Amino acid sequence: MPLSRKIIHLDMDAFFASVEQRDHPELRGQPVIVGGDPRGRGVVAACSYEARTFGIHSAMACAKAQHLCPRAVFLKPRMEQYQQVSREIMTLFYQYTPLVEPLSVDEAFLDVTCNHQKEPSATRIAQALRQTIRETTGLTASAGVSCNKFLAKIASGHNKPNGLTVIPPEQALAFIRTLPVGKFYGVGEVTEKKMQALGILTGGDLLRFSRQDLVTLFGKTGHFFYDIARGHDTRPVEPTRIRKSIGTETTFAEDILEYGQVLVVVSGLVHQLALLLAQKKTGGRTLSLKVRYSDFTTITRSCTSPLGFWGAAEMLAQLPRLLAATEAGRRKVRLLGVTVSNLFNEKERNVLRRCQLPLPFPPRRASSDLFPAARVDPAAPAPFTERL
Ligand SMILES: [Mg+2]
Numbered sequence: 028m029p030l031s032r033k034i035i036h037l038d039m040d041a042f043f044a045s046v047e048q049r050d051h052p053e054l055r056g057q058p059v060i061v062g063g064d065p066r067g068r069g070v071v072a073a074c075s076y077e078a079r080t081f082g083i084h085s086a087m088a089c090a091k092a093q094h095l096c097p098r099a100v101f102l103k104p105r106m107e108q109y110q111q112v113s114r115e116i117m118t119l120f121y122q123y124t125p126l127v128e129p130l131s132v133d134e135a136f137l138d139v140t141c142n143h144q145k146e147p148s149a150t151r152i153a154q155a156l157r158q159t160i161r162e163t164t165g166l167t168a169s170a171g172v173s174c175n176k177f178l179a180k181i182a183s184g185h186n187k188p189n190g191l192t193v194i195p196p197e198q199a200l201a202f203i204r205t206l207p208v209g210k211f212y213g214v215g216e217v218t219e220k221k222m223q224a225l226g227i228l229t230g231g232d233l234l235r236f237s238r239q240d241l242v243t244l245f246g247k248t249g250h251f252f253y254d255i256a257r258g259h260d261t262r263p264v265e266p267t268r269i270r271k272s273i274g275t276e277t278t279f280a281e282d283i284l285e286y287g288q289v290l291v292v293v294s295g296l297v298h299q300l301a302l303l304l305a306q307k308k309t310g311g312r313t314l315s316l317k318v319r320y321s322d323f324t325t326i327t328r329s330c331t332s333p334l335g336f337w338g339a340a341e342m343l344a345q346l347p348r349l350l351a352a353t354e355a356g357r358r359k360v361r362l363l364g365v366t367v368s369n370l371f372n373e374k375e376r377n378v379l380r381r382c383q384l385p386l387p388f389p390p391r392r393a394s395s396d397l398f399p400a401a402r403v404d405p406a407a408p409a410p411f412t413e414r415l
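See the structure below:
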């Protein structure tokens with residue numbers, strides 16, 4: 028085990044639903060579901076523990092949730108309210124350490140190896156934080172304490188809600204050995220099935236495989252599995268997560284088939300995206316179009332521009348080419364999205380402008396993400412060259 032760090036993972040319990048129950052006392056003790064309209068295609072964003080006893084969980088279709096519990100109370104999310112509470116709890120975290128890495132509005136990693144209070148016990152800090160959160164917000168949080176991020180996160184989920192679980196470094200290996208692989212970070216349903224087929228049911232089973240075996244079987248994540256089975260997770264708590272992409276998407280109440288309609292929707296999304304990029308003074312080299320068909324098959328088509336996509340016009344110009352590489356107009360579509368990634372800011376853009384000559388667009392890469400040359404619509408506009 029490398030030099031031991033003291034990591035806390037704090038996670039609010041049923042966050043959105045708990046805020047609603049706090050603000051609406053008549054909902055306490057009731058199955059509360061925050062999310063979309065059960066008559067439409069909404070999904071569960073969060074649900075109270077009372078709702079969970081009916082088998083309801085987040086990301087489930089609201090219609091199904093209503094079927095499981097007809098008396099459940101459905102509420103639309105009040106994001107501003109949740110963000111307000113989120114700011115309150117994050118402020119509490121920073122009273123202990125600047126090393127706070129928020130994972131979402133309601134959970135964060137804290138590295139308290141060194142902390143402002145000079146408190147040597149991470150467990151005492153976690154307990155104090157849970158209490159202060161309760162006093163400040165009226166809400167409960169669960170905490171996990173251990174020597175790395177992997178174990179701290181597993182620990183916080185171990186005794187939910189309103190729980191505290193500590194995995195001391197000397198117990199880490201024993202804990203991982205018995206941990207079902209389904210609980211491992213990075214193991215989704217598909218990987219879990221694959222592991223089960225190989226007889227890998229727990230962390231201990233991973234120990235039988237060499238690093239090379241695991242990489243052959245699981246790609247790059249194989250390294251992570253190899254290390255984590257031995258308790259090694261050196262990922263630091265990263266105080267500011269660098270945003271990797273900016274995007275917007277929309278799901279339709281009814282699938283759409285007509286190409287013209289698809290084009291109108293995507294153009295609207297591009298305008299929204301251009302506003303987001305302008306607000307953040309950001310552009311990105313890669314523009315991606317996401318299409319989910321009625322059977323939930325989801326594809327992405329991307330193109331790149333050396334000086335980046337910044338405004339609606341340059342993104343709109345690429346839409347016919349990107350759409351031509353999909354089955355839009357021939358196959359029913361339920362979701363459309365546009366995203367810009369490989370982000371960079373205006374300062375970097377100016378540096379690039381000074382040192383890079385305009386290149387023909389788009390540079391073709393041998394990547395499945397790029398649309399194949401044969402599929403490019405000949406009617407699409409000519410490749411644009413960056414204005415300098
Ligand atoms: Mg939570």
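Position one of the sequence shown corresponds to residue 28 (the working numbering), numbered consecutively onward. The C-beta atom is built at its ideal place from N, Cα and C for all residues, glycine as well. Remember, it's a predicted structure, so these values are computed and weren't measured experimentally.
| Asked | Found |
| --- | --- |
| Close beta carbons around residue 241, own chain, < 6 Å, minus the five adjacent residues each side | 249, 252 and 253 |
| For residue 361 and residue 323, the rounded distance between their alpha carbons | 8 Å |
| Lining residues of ligand 1 - beta-carbon closer than 5 Å to any non-hydrogen atom, in sequence order | 38, 39, 42 and 133 |
| Contact belief for residue 153 with residue 34 at Cβ below 8 Å, rounded distance in angstroms | About 10 Å; that fails the 8 Å criterion. |
| Terminal residues of the alpha helix (DSSP H) in which residue 125 lies | Neither: residue 125 is in no alpha helix (DSSP H) and is coded neither H nor E. |
| Distance CB(residue 307)-CB(residue 363) smaller than 8 Å | no |
| Bridge partner(s) assigned by DSSP for residue 283 | 360 |
| Alpha-carbon to alpha-carbon, residue 340 and residue 302 | 12 Å |
| Coarse secondary structure for residue 323, derived from DSSP in three states | coil |
| Cutoff 6 Å; reference residue 202; Cβ partners in own chain excluding five residues on either side | 194 |
| Residue 99 versus residue 110 - alpha carbon distance | 24 Å |
| Contact with chain D by residue 137, beta-carbon distance below 8 Å | Absent here is chain D; the protein component of the structure consists of one chain. |
| Expected contact under 8 Å - CB spacing of residue 297 and residue 244 to nearest Å | Going by Cβ atoms, the distance from residue 297 to residue 244 rounds to 40 Å, so no, they are not a contact pair. |
| At least 3 beta-carbon pairs within less than 8 Å: the stretch 350-359 vs the stretch 271-287 | yes |
| CB-CB length for residue 260 against residue 175, believed under 8 Å | 4 Å |
| Spatially closest choice to residue 367 from 354, 299, 320 and 357, by CA coordinates | 299 |
| Under the three-state DSSP convention, the category residue 355 falls into | strand |
| Cα-Cα separation, residue 77 to residue 59 | 7 Å |
| Cα-Cα separation, residue 420 to residue 310 | With the chain covering only 28 through 415, there is no way to say anything about residue 420. |
| Beta-carbon spacing of residue 313, residue 331 below 8 Å | yes |
| CA-to-CA distance, residue 121 to residue 131, given in whole angstroms | 16 Å |
| Any beta strand (DSSP E) of 3 or more consecutive residues that is wholly inside the stretch 105-165 | 127-131 and 134-138 |
| DSSP beta-bridge partners of residue 61 | 73 and 102 |
| Assigned secondary structure, residue 273 (DSSP; H/G/I helix, E/B strand, else coil) | strand |
| Where residue 168 sits in the DSSP three-state scheme | strand |
| 8 Å Cβ cutoff met for residue 43 and residue 73 | yes |
| Three-way DSSP call (helix, strand, coil) for residue 230 in this model | helix |
| Contact check, residue 71 vs residue 87, beta carbons under 8 Å | yes |
| Residue from 89, 32, 359 and 102 whose Cα sits closest to the Cα of residue 45 | 102 |
| Integer Cβ distance of residue 371 from residue 338, believed to fall under 8 Å | That pair is no contact at about 15 Å. |
| 8 Å CB neighbourhood of residue 376 in its chain, flanking five on each side removed | 310, 334, 335 and 337 |
| Exposure label - residue 156; buried when at least 16 CB within 10 Å | buried |
| Inter-residue spacing [alpha-carbon to alpha-carbon] between residue 211 and residue 272 | 25 Å |
| C-alpha distance - residue 213 paired with residue 262, whole-angstrom precision | 14 Å |
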